[in-house]
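These protein sequence lines map, in sequence, to chains A and B.
Start counting the first sequence at 1; every next residue gets the next number (the numbering used here).
Start counting the second sequence at 278; every next residue gets the next number (the numbering used here).
So the structure is just underneath, and the comments pick up after that.
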Amino acid sequence: MANPVIEVKNLTKKFNGFTAVDSINFEVDEGCVFGLLGPNGAGKTTTISMLSTLLRPTSGTALINGHDVQKDPAAVRRSIGIVFQDPSSDDILTGRENLLLHCLLFDVPNAEIGPRIKWALELVDLTEWKDALLKKYSGGMRRRLELARGLLHKPRILFLDEPTLGLDPQARENIWVHIENLVKVEKVSIILTTHYMEEADRLCDRVAIIDHGKIIVSGTPTELKTGIPEPKRPPEVLKATLHDVFLYYTGKQLRESGDTAEGGFMQKVMNFTKKNR
Amino acid sequence: MRELKGLLGLWYRELLVFWREKSRIVSSLFSPILWLVVFGGGMGTVSHVEGVNYQTFLFPGILCMSVLFSSIFFGLYIVWDKRIDFFKEVLVAPLSRVTIFTGKMLGGTTDSLIQGAILLSLGLFFGIHYSIFSVVAAMLILFLLSAALVSLGLMIGALIDSLEGFNLFVSFLIFPMFFFSGALFPLENLPGWLKFFTFIDPVTYAVDAMRGILLHLNRFPLGLDFLILGAFALFFISAGTWAFRKLK
Numbered sequence: 001m002a003n004p005v006i007e008v009k010n011l012t013k014k015f016n017g018f019t020a021v022d023s024i025n026f027e028v029d030e031g032c033v034f035g036l037l038g039p040n041g042a043g044k045t046t047t048i049s050m051l052s053t054l055l056r057p058t059s060g061t062a063l064i065n066g067h068d069v070q071k072d073p074a075a076v077r078r079s080i081g082i083v084f085q086d087p088s089s090d091d092i093l094t095g096r097e098n099l100l101l102h103c104l105l106f107d108v109p110n111a112e113i114g115p116r117i118k119w120a121l122e123l124v125d126l127t128e129w130k131d132a133l134l135k136k137y138s139g140g141m142r143r144r145l146e147l148a149r150g151l152l153h154k155p156r157i158l159f160l161d162e163p164t165l166g167l168d169p170q171a172r173e174n175i176w177v178h179i180e181n182l183v184k185v186e187k188v189s190i191i192l193t194t195h196y197m198e199e200a201d202r203l204c205d206r207v208a209i210i211d212h213g214k215i216i217v218s219g220t221p222t223e224l225k226t227g228i229p230e231p232k233r234p235p236e237v238l239k240a241t242l243h244d245v246f247l248y249y250t251g252k253q254l255r256e257s258g259d260t261a262e263g264g265f266m267q268k269v270m271n272f273t274k275k276n277r
Numbered sequence: 278m279r280e281l282k283g284l285l286g287l288w289y290r291e292l293l294v295f296w297r298e299k300s301r302i303v304s305s306l307f308s309p310i311l312w313l314v315v316f317g318g319g320m321g322t323v324s325h326v327e328g329v330n331y332q333t334f335l336f337p338g339i340l341c342m343s344v345l346f347s348s349i350f351f352g353l354y355i356v357w358d359k360r361i362d363f364f365k366e367v368l369v370a371p372l373s374r375v376t377i378f379t380g381k382m383l384g385g386t387t388d389s390l391i392q393g394a395i396l397l398s399l400g401l402f403f404g405i406h407y408s409i410f411s412v413v414a415a416m417l418i419l420f421l422l423s424a425a426l427v428s429l430g431l432m433i434g435a436l437i438d439s440l441e442g443f444n445l446f447v448s449f450l451i452f453p454m455f456f457f458s459g460a461l462f463p464l465e466n467l468p469g470w471l472k473f474f475t476f477i478d479p480v481t482y483a484v485d486a487m488r489g490i491l492l493h494l495n496r497f498p499l500g501l502d503f504l505i506l507g508a509f510a511l512f513f514i515s516a517g518t519w520a521f522r523k524l525k
């Protein structure tokens, strides 16, 4: 049995009385891809922010690569690489400069900086573009560069927050192939959030569906697909997709809230109703 | 060592950005030159202050003004960084907030000093005579002034999330700081209430020292100017570090 590289116990985050993440528990095994699925405002990004030490949990613990996110945030930060939901690379710098900056910020040994940048660029097929300003990159190329950047300090765990949001099918397919290679060749463990079900189905070894801050169900994609009770399940088991599973557990009601760390719209509604009660 | 490397990285990034946006230098020199040539030139035809032509008298004040504006507005880049999420990449680095703040602060200070140095060299056209001592001392004053004001700008930028909010807040701050500093007029014979505001304005001491160094027209002893300016710089650097600690 593989060792868990992420252990989350009763992790909770409250913003002014609104519970964004409500006592969640899960583990991610070494070398696995773990998917966190949920509608907008479900608490995915808040969870990722806590695991990456950008937000302090209200209660509960999380161990990343054996380090507690609250007690030893610096060790956690060295163990993880992150690709954020929104572009977080500097578009006035070139691809190579962005990578160099990351090496300096994450204390990559000086002698290793050159070789690692070369390796990272090759990994995501951007060697030819290394001296172009990021302004000239397409959305997919930027994503790939950020993926490569997240790996420069050789983290054991990679966090991907909506890695293919807003990309066209070709670019998504390309990113998926790169992610699959990372797991196979570089042996990194990955935790990713997404609301593209086919993405989760293709990449994840295990998924957890989160809604209103709670994990409703988790398991392998196949377990989940065969787990929907008969009346709701399409006639042939094999035709059930994660899409059906997702809607079965989270309902079909539209979510208006942005999935922000502040709780966004939902929080404002909650505050408003509280005030006017 | 690790912190130092991160600091150099951040500084390097600011310099690259500054280098790529050379238009910033041109625009930052435009309004000081307008002040000197048009306002200073025009007033110079009718007035002399403390024995020198008004345009010459104005030069040290405008030098400080240009550093005042470029330094405080540097804080805008933090608001911008926060928006494009680039800053998250910096915040998850295993670096202390003090290092992140210092890297940004040095970046902004370098920008302001480069602009200040260019303007300082233009003093040759406005009747300023230089010595090695006066150039070094003038740059030192500009360094203290911009370290203080870049820190102030970064603090405001760290606390405010919208570009419009930053602009509004800063314009309420920056114009009084400019007008009360005595950049445009001598501080002697001011009415009491006006004098009070000039005393609490850090720019006053930079203008006074600059006038002392370049024209020998200081009101306070030079040492006192340096001391007070240094104290302001330390105060704003601490305040800025505090604001960065609170950043998510």
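Cβ atoms here follow ideal geometry from the backbone N, Cα and C, with glycine treated the same way.
Given the structure is predicted, the values throughout are model-derived calculations rather than measurements.
- Secondary structure at F403 (chain B): helix, using DSSP grouped into helix, strand and coil.
- The Cβ of D438 (chain B) sits no closer than 7 angstroms to any Cβ of chain A.
- Per DSSP, reduced to three states, the secondary structure at F159 (chain A) is strand.
- Taking the beta carbon of A74 (chain A) as reference, the chain B residues within 8 angstroms of it are P371, listed in sequence order.
- Close to chain A, meaning a Cβ-Cβ distance shorter than 8 angstroms, are the following residues of the stretch 345-362 of chain B: I361, D362.
- G286 (chain B) belongs to the set of residues whose beta carbon lies under 7 angstroms from a beta carbon in chain A.
- It is roughly 30 angstroms from the alpha-carbon of S428 (chain B) to the alpha-carbon of I405 (chain B).
- DSSP places H243 (chain A) within a helical segment (H, G or I) once states are collapsed to three.
- Between the stretch 122-135 of chain A and the stretch 88-97 of chain A, the count of Cβ pairs shorter than 8 angstroms is three or higher; the stretches touch.
- With the rule of 3 Cβ pairs closer than 8 angstroms, the stretch 58-76 of chain A counts as touching the stretch 3-17 of chain A.
- Within a 10 Å sphere around the beta-carbon of N110 (chain A) sit fewer than 16 other beta-carbons, which makes this residue exposed.
- G166 (chain A) counts as exposed, since fewer than 16 other beta carbons sit within 10 angstroms of its beta carbon.
- A direct Cα-to-Cα measurement between I349 (chain B) and L63 (chain A) gives close to 41 angstroms.
- For P4 (chain A), the uninterrupted beta strand (DSSP E) segment begins and ends at 4-15.
- Closest in C-alpha terms to T46 (chain A), from the list A:F34, A:I113, A:D22, comes A:D22.
- If only uninterrupted beta strand (DSSP E) runs of at least 3 residues are considered, those enclosed by the stretch 72-153 of chain A are 80-83.
- Spanning the alpha carbons of T322 (chain B) and I505 (chain B) requires a straight line of approximately 35 angstroms.
- Here A42 (chain A) carries a coil assignment [DSSP, helix/strand/coil].
- Within its own chain, the residues whose Cβ lies closer than 8 angstroms to the Cβ of T387 (chain B), once the five positions on either side in sequence are excluded, are W288, E291, L292, F295, listed in chain order.
- Rounded to the nearest whole angstrom, the CA to CA distance from K187 (chain A) to G31 (chain A) is 6 angstroms.
- Nearest CB-CB separation between R496 (chain B) and chain A: not below the 7 angstroms threshold.
- Non-local C-beta neighbours of G150 (chain A) in its own chain, meaning closer than 7 angstroms and more than five positions away in sequence, comprise G81, I82, V83, L158, ordered along the chain.
- At least one C-beta of chain B is nearer than 7 angstroms to the C-beta of F84 (chain A).
- L242 (chain A) and K214 (chain A) do not touch by the CB rule: their CB atoms are close to 19 angstroms apart, not below 8 angstroms.
- Assignment of beta-bridge partners to F34 (chain A) by DSSP yields A:I191, A:R206.
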